[in-house]
Amino acid sequence: MKPGKSDSAASGDASAMAADRPVFDATITPHRSLGQSGFRIVMTLVCLSSVVSSIPFVVLGAWPVAGFFGLDVAALFIAFHVNFRHARAFERIIVTPLEVLLRKVSHHGREAVWRFNPAWTKLERQEDEDYGLLRLSLVSRGQSVAVAAALSPHEREGFADALGAALANAKRGPDYGAA
0 MKPGKSDSAA SGDASAMAAD RPVFDATITP HRSLGQSGFR IVMTLVCLSS
50 VVSSIPFVVL GAWPVAGFFG LDVAALFIAF HVNFRHARAF ERIIVTPLEV
100 LLRKVSHHGR EAVWRFNPAW TKLERQEDED YGLLRLSLVS RGQSVAVAAA
150 LSPHEREGFA DALGAALANA KRGPDYGAA
């Protein structure tokens, strides 16, 4: 113990640390099935097939066809580039006994932050019997914010269960015995 601090000050520090400790911390990113190495392989194969396919047209004198093959490659490259830019978006949810912090960052880098009191926050579910959990929202004092939109309905269901349990734990308050 540091000189000048009493036992009650030390216990106050421990309770403050317990109240700031996250009960739940999750980052959701959009799923992308193709990584950088896969992108290089796909683009190499597309370029090779375009060159091989355009050679007979150039030999026969229909050289503008080679340009259209090049346009196809450029269009595919642009589509992948846009896809990879959209993959930079994410949402992060942190639940502590004192607050629920929702931070959404778009693929452009724009950030939006919401802070809720866990005692007044609930999860709202919009379900469909055929498709599962379609929409999940955090609702607090009339404000509703959609979360986990990047997840599939099945993944969203598991996320909703975990987030619901974390909100229930946060409403009970910090566990001072675990500090």
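The numbering of the sequence shown is numbering that gives the first Met the number 0, which starts it at 0 and goes up by one.
Positions of the beta carbon are idealized from the N, C-alpha and C atoms, including for glycine.
Just so it is clear, the structure is predicted and the values come from calculations on it, not from any experiment.
If you check the beta carbons only, do residue 162 and residue 138 fall under 9 angstroms apart? no
For residue 100 and residue 56, I'd like the C-alpha separation in whole angstroms. 59 angstroms
Beta-carbon proximity list for residue 25, same chain, < 6 angstroms, skipping 5 on both sides: 92
Rounded to the nearest angstrom, how far is the Cβ of residue 164 from that of residue 29, given a contact under 8 angstroms? The Cβ separation is near 25 angstroms, so there is no contact.
Apply the 10 Å Cβ neighbour rule to residue 67 and answer buried if 16 or more other Cβ atoms are within range, or exposed otherwise. exposed
With distance defined between alpha-carbon atoms, name the residue in 72, 58, 22 nearest to residue 41. 72
Contact between the stretch 103 to 112 and the stretch 122 to 129 is defined here as three or more beta-carbon pairs at a separation below 8 angstroms; is this criterion met? Too few Cβ pairs lie closer than 8 angstroms, so no.
When 79, 34, 172 are compared against residue 116, the one with the closest alpha-carbon: 172
Does DSSP classify residue 120 as helix, strand or coil? Residue 120 falls in the strand class under three-state DSSP.
What did DSSP end up calling residue 164 once you bin it into helix, strand or coil? helix
In whole angstroms, what separates the C-alpha of residue 0 from that of residue 94? Because residue 0 sits at a pLDDT of 44, beneath the cut-off of 50, its placement in the model cannot be relied upon, and the following sentence gives the value as read from the coordinates. Computed Cα separation, rounded: 30 angstroms.
Helix, strand or coil at residue 139 [DSSP, three-state]: strand
Candidates 59, 58, 65: closest to residue 47 by CA position: Cα-wise, what sits closest to residue 47 is 65.
Where do the N-terminal and C-terminal ends of the alpha helix (DSSP H) with residue 39 fall, by residue? Counting along the chain, the alpha helix (DSSP H) containing residue 39 begins and ends at 35 to 58.
Would you mind giving the Cβ-Cβ distance between residue 114 and residue 135, rounded to the nearest angstrom? I have them listed as a contact below 8 angstroms. Not confirmed; about 18 angstroms, so no contact.
Work out the CA separation of residue 27 and residue 131 for me, nearest whole Å. Taking the straight line joining both Cα atoms gives about 19 angstroms.
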